[in-house]
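Below is one structure, written out as C-alpha coordinates; the observations come after it.
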Amino acid sequence: MLKEEDVAVSNVKIDLTRGKDNPLESIKFFKDFGCDKKFPIIDDRVSHLLPAYNEDRIVRVYAKKPELVDVVSEAFENLQLRMYGEKTQVHDTPKKKRSRPSN
0 MLKEEDVAVS NVKIDLTRGK DNPLESIKFF KDFGCDKKFP IIDDRVSHLL
50 PAYNEDRIVR VYAKKPELVD VVSEAFENLQ LRMYGEKTQV HDTPKKKRSR
100 PSN
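Just so we're aligned: 84 in numbering that gives the first Met the number 0 is position 85 of the sequence shown, and the numbers increase by one with no gaps anywhere.
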(Lines of atoms letter the chains of each structure in order from A and count residues from 1; the text may use other names and numbers.)
(Lines give C-alpha, C1' and ligand atoms only; values in the text may rest on other atoms or scores of the structure.)
Protein backbone atom coordinates (compact mmCIF):
# COMPACT_ATOMS: atom_id res chain seq x y z
CA MET A 1 0.00 0.00 0.00
CA LEU A 2 1.40 3.38 -1.05
CA LYS A 3 1.71 5.92 1.78
CA GLU A 4 2.01 9.71 1.68
CA GLU A 5 5.53 9.59 3.13
CA ASP A 6 6.64 7.41 0.17
CA VAL A 7 6.06 10.26 -2.30
CA ALA A 8 7.55 13.72 -2.87
CA VAL A 9 5.66 16.26 -5.01
CA SER A 10 7.03 19.38 -6.70
CA ASN A 11 4.28 21.77 -7.82
CA VAL A 12 5.62 24.76 -9.80
CA LYS A 13 3.60 27.56 -11.38
CA ILE A 14 5.13 29.58 -14.22
CA ASP A 15 3.22 32.60 -15.45
CA LEU A 16 3.72 35.79 -17.43
CA THR A 17 3.46 38.03 -14.33
CA ARG A 18 -0.34 38.38 -14.37
CA GLY A 19 -1.44 34.89 -13.43
CA LYS A 20 -4.02 33.56 -15.87
CA ASP A 21 -4.63 36.97 -17.46
CA ASN A 22 -3.02 37.96 -20.73
CA PRO A 23 -0.32 40.57 -19.96
CA LEU A 24 -1.07 42.40 -23.23
CA GLU A 25 -4.54 43.32 -21.94
CA SER A 26 -2.97 45.92 -19.63
CA ILE A 27 -0.85 47.55 -22.37
CA LYS A 28 -2.10 50.37 -24.60
CA PHE A 29 -0.70 50.73 -28.10
CA PHE A 30 -0.19 53.73 -30.41
CA LYS A 31 -0.54 53.88 -34.19
CA ASP A 32 2.78 55.66 -34.63
CA PHE A 33 5.35 57.72 -32.74
CA GLY A 34 3.53 61.06 -32.94
CA CYS A 35 0.06 59.70 -32.15
CA ASP A 36 -1.69 60.63 -28.87
CA LYS A 37 -4.59 58.21 -29.26
CA LYS A 38 -4.02 54.89 -27.50
CA PHE A 39 -5.88 51.62 -28.10
CA PRO A 40 -5.81 48.01 -26.87
CA ILE A 41 -4.68 45.35 -29.32
CA ILE A 42 -7.21 42.61 -30.06
CA ASP A 43 -6.28 38.94 -29.81
CA ASP A 44 -6.33 38.19 -33.55
CA ARG A 45 -3.80 40.99 -34.17
CA VAL A 46 -1.31 39.57 -31.67
CA SER A 47 1.66 37.61 -32.98
CA HIS A 48 1.17 33.85 -33.20
CA LEU A 49 4.52 33.54 -31.44
CA LEU A 50 2.92 34.45 -28.12
CA PRO A 51 1.62 31.57 -26.02
CA ALA A 52 -2.08 30.74 -26.01
CA TYR A 53 -1.90 30.15 -22.25
CA ASN A 54 -0.40 32.63 -19.84
CA GLU A 55 0.21 30.20 -17.00
CA ASP A 56 1.77 26.75 -16.86
CA ARG A 57 1.82 24.35 -13.97
CA ILE A 58 4.51 21.68 -13.74
CA VAL A 59 3.85 18.89 -11.26
CA ARG A 60 6.59 16.36 -10.68
CA VAL A 61 6.05 13.31 -8.51
CA TYR A 62 8.97 11.36 -7.06
CA ALA A 63 9.10 7.99 -5.34
CA LYS A 64 11.39 8.09 -2.32
CA LYS A 65 12.20 4.38 -2.71
CA PRO A 66 13.33 2.91 -6.06
CA GLU A 67 11.04 -0.10 -5.68
CA LEU A 68 7.99 2.23 -5.62
CA VAL A 69 8.70 4.10 -8.89
CA ASP A 70 6.25 2.03 -10.95
CA VAL A 71 3.51 2.23 -8.29
CA VAL A 72 3.90 6.01 -7.86
CA SER A 73 3.97 6.55 -11.63
CA GLU A 74 0.79 4.52 -12.09
CA ALA A 75 -0.95 6.35 -9.22
CA PHE A 76 -0.03 9.74 -10.73
CA GLU A 77 -1.33 8.68 -14.15
CA ASN A 78 -4.60 7.47 -12.57
CA LEU A 79 -4.97 10.82 -10.77
CA GLN A 80 -4.54 12.65 -14.09
CA LEU A 81 -7.15 10.44 -15.74
CA ARG A 82 -9.64 11.17 -12.95
CA MET A 83 -8.96 14.92 -12.88
CA TYR A 84 -8.47 15.70 -16.59
CA GLY A 85 -9.80 12.68 -18.47
CA GLU A 86 -6.36 12.07 -19.98
CA LYS A 87 -2.76 11.56 -19.02
CA THR A 88 -1.08 14.92 -19.43
CA GLN A 89 2.39 13.72 -18.56
CA VAL A 90 4.95 15.42 -20.78
CA HIS A 91 7.97 13.36 -19.77
CA ASP A 92 7.89 9.72 -18.79
CA THR A 93 9.83 8.51 -15.80
CA PRO A 94 13.47 8.40 -16.90
CA LYS A 95 15.20 5.06 -16.93
CA LYS A 96 18.03 4.65 -14.45
CA LYS A 97 21.33 5.90 -15.87
CA ARG A 98 23.76 3.19 -16.72
CA SER A 99 27.15 3.52 -15.10
CA ARG A 100 30.07 4.03 -17.44
CA PRO A 101 32.43 1.13 -17.80
CA SER A 102 35.76 1.86 -16.12
CA ASN A 103 38.77 2.11 -18.44
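All C-beta atoms in this analysis are idealised placements derived from N, C-alpha and C, irrespective of residue type, glycine included. Since we're looking at a predicted model, the values are computed, not measured.
request  = Flag this pair as touching only if the stretch 66-76 and the stretch 23-30 have three or more C-beta atom pairs under 8 Å; answer yes or no.
outcome  = In this structure the stretch 66-76 does not lie against the stretch 23-30, because fewer than three pairs of beta carbons, one per stretch, are closer than 8 Å.
message = Only counting the same chain, and skipping five residues up and downstream in sequence, which positions put a Cβ closer than 7 Å to that of I40?
response = Start at 1 with the first residue of the sequence shown, and residue 40 comes out as number 41. For I40, where only same-chain residues beyond five positions count, the Cβ hits under 7 Å are L23 and F28.
task = Quick one: using the 10 Å Cβ neighbour count with 16 as the cut-off for buried, is A62 buried or exposed?
result = What you label residue 62 is simply residue 63 of the sequence shown in a count that begins at 1. When all chains shown are included, A62 counts as buried.
inquiry  = Going by the DSSP bridge assignment, what does F29 pair with across the sheet?
reply    = Translated into the one-based positions of the sequence shown, residue 29 becomes position 30. Note: F29 sits in a beta bridge opposite K37.
ask   = Using the C-alpha atoms, what's the distance from G84 back to E66?
value = Sequence index remark: in the sequence shown, residue 66 carries index 67 (1-based). Sequence index remark: in the sequence shown, residue 84 carries index 85 (1-based). Approximately 28 Å between the Cα atoms of the pair.
query = Between which two residues does the alpha helix (DSSP H) containing E76 stretch?
reply = To locate residue 76, count along the sequence shown from 1; it is residue 77. Taken as a continuous stretch (DSSP letters only), the alpha helix (DSSP H) holding E76 covers V68 to Y83.
ask   = Measuring CA to CA, which of K64, D69, M82 and R81 is closest to D5?
value = Start at 1 with the first residue of the sequence shown, and residue 5 comes out as number 6. Ranking the options by Cα distance to D5, first place goes to K64.
query = Considering only C-alpha positions, which residue in the set V58, L78, G33 and K36 is nearest to S9?
reply = Here residue 9 refers to the residue found at position 10 of the sequence shown. Answer by Cα proximity: V58.
task = For D5, name the three-state secondary structure that DSSP assigns.
result = By one-based count along the sequence shown, residue 5 stands at place 6. Shown here, D5 sits in a helix according to DSSP, grouped into three states.
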